[in-house]
Amino acid sequence: MILPIYIYGEPVLRKLAEEVDVENTDWKPLVADMFETMYHAGGVGLAGPQIGKAIRIFVIDSEPFKESIPDVQIYKGAFINPVITEEWGDDFVFCEGCLSLPHLNEDVVRKSNIHIEYYDENGEFHESDFSGYVARIIQHEYDHLEGRVFTDRLSPIKKMVIKRQLNDIASGKFRADYKTVRKK
Ligand code: NI
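Going by the working numbering, the sequence shown opens with residue 359, and the numbers climb by one from there.
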């Protein structure tokens, strides 16, 4: 089922998302809906708060990057109750976008490598290292669980420059090719 995507300005995007019960809940149906919603909207990642649920779940699939970055590592997966325990490596600049911030793209600097612990939708625990673009998608989605969006990471000057755009999005002046939620 395709779910509507919550847009910048919605309070749920600013909440600290809560851990979920991995053992006693079947998260497969929600994860399937999240993948379907993400693909429909043309994204490479989608986090719980973006579908109006302040819970610690996100899905990613780096495959669409292949068009512009031929050597990109392809990784698809769900991350439940994830914890990034370490970030290291070079500062890596990448132009990010977000389904909750339609048509806004800006360079964001993050570390190139991460170590993350998480459960998948089958309730299995994993501990993995990721780097490059896959790490980047995970870092972006992980921010959503912490109530952050990528524009929070821009310099004060850059924030000034995009202030009008952000205000427009928050006040409903945006276009998206997918169903959205922005109550004013
Ligand atoms: Ni996002």
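Ideal Cβ positions, reconstructed from N, Cα and C, are used throughout, including at glycine.
Own chain partners of residue i with C-beta closer than 7 Å, once the 5 adjacent residues on each side are dropped
i	result
N480	none
A375	G406, P407, A412, I413, R414, L503
Y485	A small fix is needed here, since residue 485 is Glu in this sequence, not Tyr. Cβ neighbours of E485 beyond the five flanking positions: E475.
heavy atom of the ligand NI below 8 Å from residue i C-beta
i	result
H398	no
C453	no
Q523	no
G505	no
S458	yes
A528	no
G403	yes
Q408	yes
F508	yes
E376	no
E499	yes
H473	no
H502	yes
Cβ-Cβ separation, residue j to residue i (assumed contact under 8 Å), whole Å
i	j	result
I442	I472	5 Å
P460	R533	7 Å
S458	Y397	No, S458 and Y397 are not in contact; Cβ-Cβ is about 16 Å, not under 8 Å.
K542	S529	6 Å
I527	L462	7 Å
Residue j beta carbon less than 9 Å from that of residue i
i	j	result
V451	V430	no
D391	L361	yes
R436	F423	As written in the sequence, residue 436 is Ala, which differs from the Arg given in the question. Their beta carbons are not under 9 Å apart, which means A436 does not touch F423 by this criterion.
V492	D501	no
I495	I418	yes
L512	Y366	no
E454	H498	yes
G400	Y536	yes
E464	T509	yes
Cβ shell of residue i (< 8 Å), same chain only, five flanking positions each side left out
i	result
D449	V467, R468, K469, S470
K386	E479, N480
Residue-level contact to chain C via CB, residue i, 9 Å cutoff
i	result
M396	Protein chains in the displayed structure number just one, and chain C is not present.
Other residues of its chain near residue i: CB distance less than 6 Å, five sequence neighbours each side excluded
i	result
Y477	V380, I438, N439, F483
E421	I432
E377	R414, N439
>> Quick check for students: name the residue ranges of the beta strand (DSSP E) that lie wholly in the region 445–482, counting only runs of 3 or more.
In response: 459–477
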